[in-house]
Amino acid sequence: MSKIVFCDFDGTITAVETFAGMLKEFAPDLSAQIMPQMYARTLSLRRGVRQLLESIPSQKYADILAYAESKPIRPGLAEFLAFLQEQSIPFIIISGGIQGMIETVLKREGLLDKVTAIYGVNLHTQGEYLQVHSDWENETELVAKALIMSKYSGVETIAIGDSVTDITMARRADLVFARDRLIDYLQSENQPYIPWNNFFEIREYLLLRD
């Protein structure tokens, strides 16, 4: 059966929580109030992330991209993407974070053209404050990961993630690689997963599995 890999970005591809860190940097007071509610799942990602982003002045957008520029990626990504290309396995990034930040980091690493597709939040900067736009918004998420996955049928789905934004993606996937907070969420729901720390480990697992 053919495969497809769906991967989160913030704290998954990046070795630090780039989007969450940016929100704390550019909207510190509101982040301190709202982010614990999102992690506790008492406030929806759709409402919380929109509220945070739309509190940031549009003139800060260039600074936001510059903030992402220096953030390190998790080891083994280039090798993992090369392996997927050899196997003709698509690699799709689905992120509740900002599309421009994702592209900034991937361009820096020379990996943007190795990614099949990127789904993230787009920002309009014409007004005084940032305005959020997403083609994949639903009742609870700005980027509805399971909805995007449903576009790709008839394949084995592999999900890679680390936190609350990846729960719906993990529930829908046939095989889940989880780390950090996502492990706690999946354990609380008795959902199976494979722990991981870097992309070398995921590549090795898929090689041995096949």
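Mapped onto the numbering used here, the consecutive letters of the sequence shown carry residue numbers 1118 to 1327.
All residues carry an ideal CB built from backbone N, CA and C; glycine is no exception.
Practice task
Compare the beta carbon distance of Gly1237 and Ile1275 with 9 Å and say whether it is the shorter of the two.
Solution key: In this structure, Ile1275 does not lie closer than 9 Å to Gly1237 by Cβ.
Going by beta-carbon coordinates alone, are Ser1175 and Gln1243 separated by less than 9 Å? Contact flag set, yes.
Check: Whole-angstrom Cβ separation of Ile1311 and Val1293, contact assumed at under 8 Å?
Finding: So it is a contact: roughly 7 Å between Cβ atoms.
| task | From the DSSP output, in three-state form, read off Val1084 for me. | result | Since the first residue of the chain shown is 1118 and the last is 1327, residue 1084 is not available in this structure.
Task: Cβ neighbour criterion (16 or more within 10 Å) applied to Val1133 - done: With a 10 Å radius around the Cβ and a threshold of 16 neighbouring Cβ atoms, Val1133 comes out exposed.
Legend entry - Host beta strand (DSSP E) of Tyr1236 (start-end): First-last of the beta strand (DSSP E) with Tyr1236: 1234 to 1241.
Using only the alpha-carbon positions, how far apart do Gly1128 and Asp1279 sit?
Near 6 Å, if we compare the C-alpha coordinates of Asp1279 and Gly1128.
Exercise. Does DSSP put Glu1273 in a helix, in a strand, or in coil?
Worked result: Strand at Glu1273.
- Message: Does Thr1257 pass the burial test, meaning 16 or more other C-beta atoms within 10 Å, or should it be called exposed?
- Response: So Thr1257 counts as exposed.
Where does the unbroken beta strand (DSSP E) through Gly1214 begin, and where does it stop? It spans 1208 to 1215 - the beta strand (DSSP E) in which Gly1214 sits, taken as one unbroken run.
Buried versus exposed, by CB contacts within 10 Å (16 or more), Gln1216 | Buried.
Within the segment 1148 to 1196, ranges of the alpha helix (DSSP H) (whole runs, at least 4 residues)
1162 to 1170, 1178 to 1186, all fully within the segment 1148 to 1196.
Problem - Span of the beta strand (DSSP E), counted from its first residue to its last, around Ala1295 - result: Boundaries of the beta strand (DSSP E) around Ala1295: 1292 to 1295.
Next on the checklist: Which residue marks the beginning of the beta strand (DSSP E) containing Gln1308, and which one marks its end?
Outcome noted: Note, Gln1308: premise wrong, no beta strand (DSSP E); not H, not E.
> Between the segment 1315 to 1322 and the segment 1297 to 1306, do at least 3 Cβ pairs fall closer than 8 Å?
Replying inline: The segment 1315 to 1322 is not in contact with the segment 1297 to 1306.
**Asked** Leaving out five residues before and five after Ile1190 in sequence, what residues of the same chain have Cβ atoms less than 7 Å from its Cβ?
**Response** If we look at Ile1190 and ignore the five residues flanking it on each side, its Cβ neighbours are Ile1130, Thr1131, Ala1132, Val1222, Glu1226.
Practice item. Output the boundary residues of the beta strand (DSSP E) element that contains Ile1121. Key: Ile1121 -> beta strand (DSSP E) spans 1120 to 1124.
On the DSSP bridge list, what partners appear for Thr1285? None, per the DSSP bridge assignment.
Q | Backbone CA spacing between Val1249 and Ser1119 [nearest angstrom] | A | Near 35 Å, if we compare the C-alpha coordinates of Ser1119 and Val1249.
Problem set entry | Secondary structure of Val1133, DSSP reduced to three states | Coil.
Check your understanding: Measuring CB to CB, does Leu1247 end up less than 9 Å from Lys1177?
Key -> Result yes, Cβ atoms of Leu1247 and Lys1177 sit closer than 9 Å.
Where does Asp1252 land, buried or exposed, given buried means 16+ other C-beta within 10 angstroms?
Counting Cβ neighbours within 10 Å, Asp1252 comes out exposed, since fewer than 16 surround it.
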